[in-house]
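First residue of the sequence shown: 6, per the numbering used here; consecutive thereafter.
Heads up, the beta-carbon is just placed ideally off N, CA and C, and yes, glycines get one too.
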Amino acid sequence: MPRLLEGVVTLRKISAGAYGTVYLGRDAAHRELAVKALHPQVSLEGQERERQGLVAFLEEFQNGDEHLLTVHQISPPGQLLCYSMELADNLNDPCSSDDYASATLGAWMARHGPATVEQVVDWMHQLLDGVGALHARGLLHRDLKPGNLYFVRGRLKIGDYGLVTRWNPESTLIGTEAYIPEGLKAASPEMDLYALGKILYTLITGLPVGEYPRIPREKMSNRALVALNRFVLERACSDVPAHRFHTVQAFREAFDRICNPAARLQRRRILMGRLQAAGILAGVMLAAALGGIWFWERLNQGGADYSPDPLRWFEQISPSLGEMHLAFHEERFPETDSPETKVAFFLEEFSMEKEEFELYFEATSDRRLAELRVAFLDSAGEVVKEIRSLLTPRGVYSETTLISGESRGAQTWGIRVLARRKQEWLLLANGRPVLDTPPPSFPPPWHIRLTLSSQEEGQLALKRLCVFTP
C-alpha cells in the first residue's frame with residue numbers, strides 16, 4: 006500500500022470513485038482512519054479547489070463537530086492532495102473494519118429502502134444541526150447529498166468538504182445539479198437547505214433524486230408521510246423561491262411544526278395545562294357532556310348516533326394553539342318548523358383581533374347536503390372574503406376534493422377553519438385539508454360570520470364553536 010500521509014499506515018483500499026481512492030489507514034495513536042487520495046489525472050485546479058474547501062473547514066472546525074466529519078491531516082501544498090478523516094461505520098459489520106463498506110446515507114438507503122418516519126425526523130434534526138454549524142461560521146457546503154453523509158457510531162455526520170466555501174454574494178454556484186434550485190445565480194444558504202429538502206424526499210420515498218417529485222402511491226396512505234411530502238413540495242423544494250427556506254432556523258421551525266413528536270407533546274402538555282386551569286369552563290363542559298339529558302333526547306330525535314365526549318374532543322383539537330374561547334356549546338335547531346323551507350343558522354358576528362387563530366365548528370344532521378360559509382366583513386359590514394364548502398355524509402366537498410368522513414348515522418361534521426400567520430388558509434375535515442385559499446387582504450381585526458344552511462328535509466342542529474388563539 007502507498008504511504009500517503011506522514012505517520013499514517015495505509016492498510017487496504019476500501020473504495021474508489023471518479024476523483025480519488027479511499028484507503029483504510031491507522032495513525033500513530035492506533036486510530037483507524039479513512040485516507041482519501043485524489044487521482045493524479047485530477048486537474049491542478051480541481052485539486053486546489055478541494056484543498057481550499059478542506060482548509061476553510063479546518064479553520065473553523067479543527068476537531069470536527071458532533072454532526073460534521075472530522076478531518077485529521079492534509080498533505081502539504083505542492084503534493085498530490087491526500088487527507089485523512091474520521092472513519093465511517095462499517096455497513097457490513099458495525100463492530101469490525103473487516104469486509105468494510107462505508108455507511109453513507111446513500112448506501113444505507115440502497116440496502117434498506119425508505120426510512121421510517123421516526124428515522125426521518127431524527128436524521129433530519131442531525132443534518133440541520135450540522136448545516137446550522139456550518140452556516141453559523143459563514144461556510145456553505147454546496148454538495149449535500151446522501152453519498153456525502155456518513156454514519157459514525159450511529160450518528161449522522163456531514164462529510165466531503167471539497168466544495169466548502171466561505172459565503173459571499175458572489176460565491177460560485179457549483180455542485181450536483183439535482184440538488185441545486187433552478188434560478189439561483191450564486192451559492193447561498195438557500196442552496197444547502199434546498200438540498201436538505203431533496204434528501205428528505207429520497208428518505209421518504211426511497212426513490213433516487215431524479216424521480217422527484219413523483220410520490221409512490223403506497224406512500225399516500227400514511228398521513229405523516231403525506232405531511233412530509235407536502236413540506237418538501239410546497240416549502241423546502243418549492244418552485245417558488247419565496248416559499249423556500251433561507252435560514253436553518255426557519256427550516257427547523259417549519260419541520261418541527263409538522264413532525265417533531267417531542268415538540269407536539271410539549272405543546273399538548275401546555276394546552277392541557279391551560280385547559281385544567283380553566284376550571285369554570287371545564288366544569289361547564291363536563292356538565293354538558295354528562296348531565297345533558299334533554300340535549301341527548303333531542304339529538305336522538307334526529308336519529309344521530311353520537312355521544313359528546315369533551316375530553317376526546319379536546320385531544321382532536323390542534324395543540325399548537327393555546328387559549329380557548331368557547332363561543333357556544335349547546336344544540337341549536339333552526340327557527341322554522343317547516344322541513345321544506347331553507348334552513349339557515351346565522352351566528353352572531355364576532356371580532357378576531359389576532360392574525361393566528363383556529364375555529365372549530367360542529368353540527369349534526371340527517372340531511373344529505375348542507376353548506377358552510379365563513380365570511381370576513383369589513384368595517385362597513387360588507388363581505389370582502391368568503392369561504393364556502395359543501396357538507397355531505399362522506400365529509401367535506403370543495404370544487405376539487407372529496408374526503409371521506411366518519412359515518413355516525415346522522416352526519417356529524419367536525420370542521421376546522423385554520424389560519425396561520427403568513428401562510429395559507431385551510432378548511433379541514435378530520436384533520437385533512439380540502440380547500441386552500443389566501444387570507445383576507447386587510448389586517449386584523451377581522452369580523453367573521455359563520456352560516457350553515459340546507460334546502461333539504463330532515464334534522465339539522467349546531468353543536469358547538471370554539472376559537473383558539475396563541
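Unbroken beta strand (DSSP E) run spanning residue i, endpoints
i, result
"residue 117", "First-last for residue 117: 110-117, but that is the alpha helix (DSSP H), not the beta strand (DSSP E)."
"residue 122", "Note, residue 122: premise wrong, no beta strand (DSSP E); alpha helix (DSSP H) at 122-141."
"residue 16", "13-21"
"residue 380", "375-382"
"residue 455", "451-459"
Residue i (DSSP reduced to helix, strand or coil)
i, result
"residue 255", "helix"
"residue 239", "helix"
"residue 260", "helix"
"residue 231", "helix"
"residue 344", "In this prediction, residue 344 has a pLDDT of 48, which is less than 50 and means its spatial position is unreliable; what the coordinates show is noted afterwards. Reduced to three states, the DSSP call for residue 344 is coil."
"residue 322", "Residue confidence for residue 322 is low, a pLDDT of 44 falling below 50, so the modelled location carries little weight and cannot support an answer."
"residue 24", "coil"
Contact belief for residue i with residue j at Cβ below 8 Å, rounded distance in angstroms
i, j, result
"residue 111", "residue 58", "Not quite, the Cβ-Cβ distance comes to about 20 Å (not below 8 Å), so this is no contact."
"residue 169", "residue 93", "Contact doesn't hold; Cβ gap of about 18 Å is too wide."
"residue 201", "residue 149", "6 Å"
"residue 80", "residue 73", "Contact flag wrong, Cβ pair sits at about 21 Å."
"residue 89", "residue 10", "6 Å"
"residue 229", "residue 379", "So it is not a contact: roughly 28 Å between Cβ atoms."
"residue 250", "residue 240", "7 Å"
"residue 195", "residue 186", "7 Å"
Contact set for residue i: own chain, Cβ-Cβ below 7 Å, skip 5 residues either direction
i, result
"residue 203", "183, 184, 214, 217, 242"
"residue 225", "231"
"residue 237", "202, 205, 206"
Cut-off 6 Å between Cβ atoms - residues of its own chain near residue i, not counting five sequence neighbours on either side
i, result
"residue 65", "142"
"residue 167", "55, 58"
"residue 383", "389"
"residue 27", "19, 20, 39, 41"
"residue 233", "209"
"residue 134", "72"
"residue 118", "211"
"residue 352", "Confidence at residue 352 is low in this model, with a pLDDT of 49, below 50, so the placement of that residue should be treated as unreliable; the coordinate-derived value is given next. Around residue 352: 455."
Close-in-space but distant-in-sequence residues of the same chain around residue i (CB under 8 Å, 5 per side omitted)
i, result
"residue 197", "136, 139, 140, 145, 146, 147, 149"
"residue 160", "71, 72, 131"
### Every unbroken alpha helix (DSSP H) within the stretch 147-228, with a cutoff of 4 residues, ordered by chain
194-210
### Task
Mind listing, in chain order, the continuous beta strand (DSSP E) runs of no fewer than 3 residues lying wholly within the stretch 28-116?
Restricting attention to beta strand (DSSP E) runs no shorter than 3 residues, the stretch 28-116 encloses them at 37-43, 76-79, 87-91, ordered along the chain.
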